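Single-structure report; data block below.
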Amino acid sequence: MNSFRYPVEEIRERCDLVEIISAHVALRKTGRTFKGLCPFHNEKTPSFHVDPERQLWKCFGCGEGGDVFSFVQKIDSLTFSEAAELLARKVGIEIEHSEKIAKELSERDCIIRANNIACSFFRSMLARSSKVKQYLAKRGLTDTTVDKYRLGYAPSEWDALTNHLRQQRVSPADAVKAGLIVPRENSQGFYDRFRDRLIFPILDTSERIIAFGGRIIGEGEPKYLNSPETALFIKNKTLYGLNFARREAVSQDRLLVVEGYMDAIAAQEAGFANTVATMGTALTEEHVNLIARFTKNVVLSFDADSAGMAAALRSSPIFERAGFITRILSMPKGEDPDSMLRGGDTSRFASLIEGAQPIPDYRVGLALAKYDLNNDEGKVSALNEVIGILAEVESAVERERLIRYLAKYHPNFSTGTTLAEDHLRGEINRIRIRASRNASPSAIGQQRGGSPQTSQKPRVKISLVERSERLLLGIIILRNLDAGKVFDALPPKEFSGESTRLLAEAVSRVYSETGKIDQEALRSEVANTPADRLLTGLLVGIDESAFNYPVDELIEVILDHRKNEQRQRARALAQKIQEGSIKRGDPEYEEWARLVRETSGPWRR
Ligand SMILES: [Zn+2]
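Printed below as a string of structure tokens:
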């Protein structure tokens, strides 16, 4: 409806779909199209196709598909108008907003506008504060870096931003929704959330400022303060610095995850551009799904004793289930990536990355370090802890590798490796069997990969007739054939299944109104109907060999198969009549009579 106020065609034409999707999915060229892992469902083999000629995308795994607008809408959870605004800006098309339209801007548009204004404000404050400039210089951040990351300063007043936003005509309601200001509890009015803090704007992969992180300057608690979750900012789905890191993560096929904003900036600036930081939360399934769009190789670099490391170790099964290779980089005690890289030691950091250990090895190492392995008592206690870790390793190959490594700590090792290994293997299997018995159905579902919202939709089996009808529609649309002739032989209302019938009717309407099949007209004709997805699938998915199939023959095939299906149905009904479960007067009896009339004649050509 509201699409008419945007120059949709112009935007679509100027956008390069492959480039836009590449920012989110690692695409590889295969023949005429590009292929990659679908960002909308969990998969290990690519079924996500992008067709550069037709500027369409389609996933044959989950059925999602569409054009550049629908991709951007889905990937960033945007409304149509938000996606149009974003793409227009990207390709440099000016969109005029009337007063009325400006009022209609959605909640998320309002949050972004408030955040943009706040970001400029924080940046202007930074230029004025010699205290912060000194702090940044001490941390080794150059002006170029400060500009690139749009760092700012929230002054130590209660209402500096509140007043500025009011002057810029941002309503208090919008500023509260954006998490920038907070209503006072005991009196009227609002106060600034961020005060006397260094400000890190947080951008999403579409380069929109969705939130802020604030680090205290000097002493005070909390050391870091983030925006609250908003309609735009969901911590479990956000990684700081991903807007800069994503391309490098794809080309290096590796992502480095660190703990703090400063660590991420230091690493990116030192040449480790494929680095992101968590938002102070544990890594979740959502994070893993987000990262999987770019790479499945992750190196986690957290402080050894931090809550972040403990959380990272707990999150390892999520990574493993999603088919990741996840390794842990151990920093020397008292160091973090920021401090090490600020000292200029990039080669040491690079070798630490290369030497990062797989998560199970790291956990085993921690467990072994707790015990005195010089006596049997210590060895037994260590192994008791370690078998619990190994039981959680999903890959049998990895389990075996670790069993072989650990056998030397077994008290029976001296009498034979096999005996020690067998004993460990037996204990581990016992734990695994017990765990699978206790697992609730939902936990087992998760083990098989994916939460309910990311799991694959069941594929609906369609009949041979319907499949042929769809192929026929695909061919006449793509080759812009004489649809009149086709629909004389096969009236649109007789097509099988709702979406196929709706598409046939739409093709017939477009053709009879214009004398041709214009794909754009057809797309708008089926927009938001069940035929929408089918059309995209046909346009992207039809294979070259079927494309040249003779239409007359296909019509014959469909007619034959339809008769065949009808005869089968008639036979099944006749059987029921014989059994007495259908009687004269029942609707199914009438159906049988009609089928007999219709199939008794011309099918015996
Ligand atoms: Zn998919």
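Read in order, the letters of the sequence shown are residues 626 to 1230 in the numbering used here.
No residue lacks a Cβ here, since even glycine has one placed at the ideal position from N, Cα and C.
The model shown is predicted, which means the values in this text are computed figures rather than measured ones.
Whether Val-883 touches Ser-926 by CB criterion (8 Å)
yes
Helix, strand or coil for Gln-1233, going by three-state DSSP, please let me know.
This structure cannot speak to residue 1233, because the chain is shown only from 626 to 1230.
Limits of the unbroken alpha helix (DSSP H) element including Asn-740
732–753
Nearest-angstrom Cβ-Cβ length linking Leu-1160 and Leu-1115, presumed shorter than 8 Å
Actually they are not in contact, since the Cβ atoms of Leu-1160 and Leu-1115 sit about 18 Å apart, beyond 8 Å.
Whole angstroms is fine: what's the gap from Ile-824's alpha carbon to Glu-1150's?
48 Å
Taking the DSSP output, what are the residues bridged to Gln-982?
Ile-953
Indicate, with yes or no, if ligand 1 has a heavy atom lying under 7 Å from the CB of Glu-689.
yes
Got a sec? Which residues, its chain only, sit under 7 Å from Gly-661 by beta carbon, not counting five neighbours each side?
Val-650, Ala-651, Leu-652, Arg-653, Pro-671 and Phe-673
Whole-number beta carbon distance between Ile-737 and Ile-834, since they are thought to touch under 8 Å
7 Å
Between the CA atoms of Arg-657 and Met-956 - distance to the nearest angstrom
46 Å
Under the DSSP definition of a beta bridge, which residues are partnered with Ser-926?
Val-883
When you compare each of Ser-876, Gly-1013 and Leu-881 to Tyr-865 by their alpha carbons, which one comes out closest?
Leu-881
Relative to the C-alpha of Gly-896, which residue among Arg-967, Ser-940, Lys-860 and Ile-950 is closest?
Arg-967
For ligand 1, is there any heavy atom lying closer than 7 Å to the beta carbon of His-649?
no
Report back the beta-carbon spacing between Leu-1179 and Leu-1097 to the nearest angstrom; my notes put them in contact at under 8 Å.
5 Å
Nearest-angstrom Cβ-Cβ length linking Leu-850 and Gly-839, presumed shorter than 8 Å:
5 Å
Among Pro-985, Asp-986, Ser-1006 and Gln-1193, which has the Cα closest to the Cα of Lys-995?
Ser-1006
Does the stretch 782–789 come into contact with the stretch 754–761, if we say contact requires no fewer than three beta-carbon pairs (one atom in each stretch) closer than 8 Å?
no
Which full runs of the beta strand (DSSP E) of 3+ residues lie inside the stretch 672–724, going along the chain?
673–676 and 681–684
Give the straight-line distance between the Cα atoms of Glu-1204 and His-1186, rounded to the nearest whole angstrom.
27 Å
Going by DSSP, name the residue or residues bridged to Glu-828.
First, the residue type needs correcting, since residue 828 is Leu and not Glu in the sequence shown. Answer is Ile-834, bridged to Leu-828.
Please state if the CB of Leu-938 and the CB of Ile-984 are separated by a distance shorter than 8 Å.
yes
In whole angstroms, what separates the C-alpha of Arg-1158 from that of Ser-940?
36 Å
Beta carbon of His-674: closer than 7 Å to some heavy atom of ligand 1?
no
In the structure shown, what three-state DSSP assignment does Pro-1175 receive?
coil
Can you name the residues that DSSP bridges to Val-901?
Val-882
Leaving out five residues before and five after Leu-1244 in sequence, what residues of the same chain have Cβ atoms less than 7 Å from its Cβ?
With the chain covering 626 to 1230 only, the question about residue 1244 has no answer from this structure.
Exposure label - Gly-885; buried when at least 16 CB within 10 Å:
buried
Flag this pair as yes or no: are the beta carbons of Glu-732 and Ala-856 separated by less than 8 Å?
yes
Cβ-based burial, Arg-1062 [other Cβ within 10 Å; buried from 16]:
exposed
Helix, strand or coil at Tyr-865 [DSSP, three-state]:
strand
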